Amino acid sequence: MWSFICLCLLATNVLAVGHRSSRLFVRNDCPTQTVNAGDGCSSLARKCGISDQDFLRYNSNSNLCSSLQPGQLVCCGQGTTPDNSPKANLDGTCRTQTVASGDGCSSMVSKCKITAQQFTQYNSDAKLCSTLAAGQRVCCSPGTLPDIRPKPNLDGSCSSYVVQNGDTCSAIAAAHGLVLTDLDKFNDKTTWGWSGCDQLGAQQAICLSQGSPPMPQPLSNAVCGPLVLGSKPPSPGSSLADLNPCPLNACCTHWGQCGITPEFCTPATGPRGNPGTAPSHQNACISNCGTSIANNAAGPKSATTIGYYESWNSARPCLNMRVSSIDTDRYTHIHWAFATVDDSFDVAINDSSNQWADFTKLQGSRKIISFGGWGFSTEPETYDKLRQAMSPAHVNVFARNIVNFISKNNLDGVDIDWEYPGAPDIPGIPPGLPSDGPNYLAFLRTLRYILPRDKSISIAAPASYWYLKQFLIAEMSETLDYLVYMTYDLHGQWDYNNKWSQDGCQSGSCLRSHVNLTETNFALAMITKAGVPSSKIVVGLSSYGRSFRMSDPNCAGADCTFQGPESTAIAGDCTGTPGYISNAELLSLQDDDIIKSYYDTDSNSDIMIYYQDQWVAYMTDTTKASRTGYYKSLNFAGTVDWAIDLQDFYVSDGDGDDEENLPPTDPLPSCDGHFNTIEDLDAAAGSLPQNCKAFYTLQTLHNVLDDSIKKYKDLMNGGYDDKFKTYASSVADSAGKSIQNFMEKHGNDYFSCIVTEPTLCCASCKDEATGWGDPCARCFTGDKCRRQSNGARRDMQGRSALESDFSNVTSSFGPSDITVVNSVLSQRGDGGPPNSVPSLKYVKVAEPCPPDYSQRGKSQSTTWDQSVSWTLRGDQSDKFFADLLGDTGIPKSKIKFGTNNRVNSCQPWLRENDGNLCWNYGYDFNYPQPNGYGAGDVSNPKAVVQKALESSNNIQQQLSNALTKVKLQAYYADEWELVDAVSIPVLLIAHAIEEMNQVEEIADKIDEQKKKALILAFIGAILFFIPIAGEVLGSVVEVGDLAAILTLVSAAGDVATGVYSIVDDPQNPLLGIMQIVLAPLALANVGQVAKAASIRRGMSDDDILKLGGKLAASMSTIKKVAAACKR
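All you need for our numbering is the position in the sequence shown, starting with 1, plus 427.
Rendered as structure tokens:
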């Protein structure tokens, strides 16, 4: 074997001897040389070892020397040029190479190892070199490109592809043997989320062949529709949009979110008409769309009018109504609010006002016992009562006890007001359980089964999607005689800084009516769409208003704001609750007190502005009558009024109970009562004996202090470190907002800005633009004012009909390079005849930082529209980082520059600077952002908290001794001076602990509003602790960054900011009082007590309000108790 191989090799070498090519010749092939770059005929002759004349004789092509190509073979002797050109595959297809990123035709010639002439021969498309795309295949031999186009699946579904980051339509098409128009053909009108190649997004599932479209890729936060994680294909006869409907048959958007307002409920599609798409910058409803009231074809047999009676109204200092004063001619039903549930799941009635017997004897109205209410449902001591009563273990006992109670008291029915089963976020109590709704339904069915049919069952239901969705409301309505629908309290102080609470008000702090009819209609549509017939729904009316203190007394419209976060509205004399005031109190205001009173047509409610800066929305009797007629026209069951004792003032019924009959010779009442909380004291304020008021106030303060110090010690025995960790993490998470606030206030001092501004043709700008500030600002000339457009037009690169060109323009704001993007404002998406539309250009203009919006061509009143490119001026760099550190506490080492997304103009899968027009709106480019600013950068004030505890123990012992003297009538000075001396120290301690205990451990994700509340609670607590510890703020190193952190969370106007403004003053009254009271035996020294009381009395109401609404309310209670005794 080996000898045979050697002989063969020898023969081969011998045949090659004497030739200048190593090629083994077959037939008449000539010896050859290969042309290299730069070779000419003379150099090739020399390589061959022959003369130029012989070279030309062996290569007879007359234009050879002018057409040489690298890789070409030339003859060096007699014979024909060998044919080494590539051959087609046996099936007639060509050999291929795949285009990589950056390849052009020349590099593909090299990859194919052929000549440029051959490359052109094998790839005949004249536009190929200008349209090469990564992933595309080219021919490197004769033949046709192999057909690698995906084929439909056997089940009739298309071959699908999930778009990856960085993908383009061109690349996807090329990699799969398709052209751009194929993608449109396979996906238009059918594929979920497809809006064309110009809006291609990562994780989109698209078709690469004919066939039914694929399931869309899930979104982690989707709660409805086909984007919900784990969704399966729809069954025959249904669509993707039908999957995972919202609770209550609420509207589902194309992003998989549920809601009941037009933002969620308006059906629409994107430019291609595909399911799961929407017009630019909008949501689109995909299922259960619309906000129209449903299920109201039939009305009730007779109208229902319900009045709730607040059984506790006698505890108010005024506005007291006896049952005997109820006008039963006005109401078909009277609801006693509220019964409760005792530990044996029996009915409990609080009859401290001796009104229950009269209620059971009412004639002319159905008498209904109502259970629960907000307080009983949400207070830590009682929130679990109704849940346990309706649990499977106790439901039969509870239901039977209700039936017995109704029978025993000759009542006509029962009403349940559980607020709210399954609720996940009621402050101060654990989240509701998934079993709450089903258990509630089972209870109602059990009760209906054993309650006589002539006795009614009703429930109260919230007019809020968030809380109603846990109710199995359609099934419940089958058991109910009627349903009380609480269409009031749609807005209130709780809206403050909640951007989701009010349409068109990002701050959530706008002056809005709590009985707005438009929003009421949305709520009525929600519950009727959910399956409850209108004939069972009794719609709510209110006999009270929700009031606010206006931020600006001269600004009272729907976009004007109120102060917060705690209500600073003036409490009514009788209701005594800031932000909640009765109709009776409003109607008793003097004409001089009322600035303006009017009916607001937009909200269909009544508005009053009084005491200069108090704003309230409420319902007059006229508005109530109008609403009643409106609801009747829609076939609703009737109306329910909360509450009849809030409507007017009533005189005594003449039974003698109100008459004072105390002979002067009678002894003073004994002070045997006991009050543990300020709330207890407040509730009894109107009935306390005059001689006991100071003692009871001191007793309450003493008990509040005892309870607070117990909690204080628990805090320091392990709880504080966890709370600080939570606080520090939240501060770090809020760093971005603080930088944004700094930039809005001071950006122009350090940065230059280029703003993308839109403009119109000068010849028609005033006619084309509606609502623009100055439609002709920077208008353009020399181009068509209108263009022809339809949604089907595309260029060879697959771009949409938006056209672009670039030019330079002189800016009126200063020198800048200005890019003009000439684009079509609107297009037809139906492929029909072209529309004539105005042309719009985008002009990049130098403007102040942030931009001077009054100089815009568009949207003068908004601050989020156009995109801004920020450039830090070199000469201001050091000053910027120094000032940023001072204002926010964030150092230069924790700052980076990047893109700030203000309003999500672009869909998340689009790439920055890809030419899409969405980048012209809502972005800040090269904007400072936090970079690694973490919890470890926040200072820990634990030493201050520890020192304050020692001071608290001192005060506790002194107050205990003083209280004993007062009780034994052995305190021979002014008892009210003692009250004033200790009230601020005690309440500071109590509220410091209360604020600190609001700081709970949180999950990784927490919304900005809760995060801000958590940070401010911690800071508020620390600021209270500083004077308790007897310290001056500026001397405490551990709290040096509190001012920066308050700025960081945008806390202007918050309680913590108000406390800071007081504590930051070395002469602040809190410190002055604490330094007196903390001295040994200070409360035994009448002179020192009088001095501390004098400082307290010198504090203004505004100073007290700065300490927070809760502390101010406690001080208000003390003031109310003392009012009758002090001059």
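Glycine included, each C-beta is placed from N, C-alpha and C at the ideal position.
Predicted model only: the values in this text are computed from it and were never measured.
In this structure, the beta-carbon distance from K794 to D839 falls below 7 Å. One alpha carbon belongs to D479, the other to S493, and they sit about 15 Å apart.
Scanning its chain for C-beta atoms nearer than 6 Å, with the 5 sequence neighbours on each side dropped, one finds around Q1303 the residues Y1177, in chain order.
Non-local C-beta neighbours of C1276 in its own chain, meaning closer than 6 Å and more than five positions away in sequence, comprise G1174, N1175, F1178, C1180, ordered along the chain. In summary, L1395 is exposed, with fewer than 16 beta-carbon neighbours lying within 10 Å of its beta-carbon over all protein chains present.
When DSSP states are grouped into helix, strand and coil, H762 belongs to the strand group. For T1208, there is no enclosing beta strand (DSSP E), as DSSP marks it with neither H nor E. Cβ-Cβ distances below 7 Å link K578 to S586, S636 in the same chain, with the five nearest sequence neighbours on each side left out; the list follows chain order. Residue environment analysis places L1013 among the buried positions, since at least 16 neighbouring C-beta atoms fall within 10 angstroms of its C-beta. Here I1166 has P1355 as same chain residues with Cβ atoms under 6 Å from its own Cβ, once five neighbours each way along the sequence are excluded. In terms of Cα proximity to L868, the closest of T461, N580, R814, A1190 is R814. Around the beta carbon of Q1117, a 10 Å sphere encloses fewer than 16 other beta carbons of the protein chains shown; the residue is thus reported as exposed. Under the rule that a run must span 3 or more residues, the beta strand (DSSP E) segments found entirely inside the region 742-826 read 760-768, 793-799. In its chain, beyond the 5 residues on either side, T805 have a beta carbon closer than 7 Å to the beta carbon of I853. DSSP links D1351 through a beta bridge to V1295, N1327. Taking C-beta atoms under 8 Å as the contact rule, G638 and G583 qualify, at a distance of about 6 Å. Assignment of V606 by DSSP, reduced to helix, strand and coil, places it in the coil class.
Between P889 and M913, the C-beta gap is smaller than 7 Å, which places the two residues in contact.
Contact between P643 and G593 fails: their C-beta atoms lie close to 20 Å from each other, not under 8 Å. Q1384 counts as exposed, since fewer than 16 other C-beta atoms from the protein chains shown sit within 10 angstroms of its C-beta. Counting the other CB atoms within 10 Å of its CB gives C982 a total below 16, which places it among the exposed residues. 7 Å or more divides the Cβ of D863 from the Cβ of S885. Annotated as proximal: V1413 and L1128, with beta-carbon spacing under 7 Å.
Distance check between S1009 and each of D1027, D609, C745 places C745 closest, using alpha-carbon atoms only. Around the beta-carbon of V589, fewer than 16 other beta-carbon atoms lie within 10 Å, marking it exposed.
Secondary structure note for S489: it is in no beta strand (DSSP E), with a DSSP letter that is neither H nor E. Residue range 543-549 is occupied by the alpha helix (DSSP H) that includes Q544. By the Cβ neighbour-count rule, D456 is buried, with 16 or more other Cβ atoms within 10 Å of its own.
Counting the other CB atoms within 10 Å of its CB gives D625 a total of 16 or more, which places it among the buried residues. Residue pairing by DSSP puts K1271 in a beta bridge opposite T1183. Rounded to whole angstroms, the gap between the alpha carbons of T523 and C1189 is 54 Å. For K1023, the uninterrupted beta strand (DSSP E) run begins and ends at 1021-1027, by DSSP. Taking L1095 as reference, the option from C1119, H1101, D842 with the minimal CA-CA separation is C1119. Judged by beta-carbon spacing, S568 lies within the 7 Å limit of P513, meaning their Cβ atoms are closer than that value. Counted as a single uninterrupted DSSP element, the alpha helix (DSSP H) harbouring L1538 occupies residues 1536-1549.
In the three-state reduction of the DSSP assignment, Y588 falls in the strand class.
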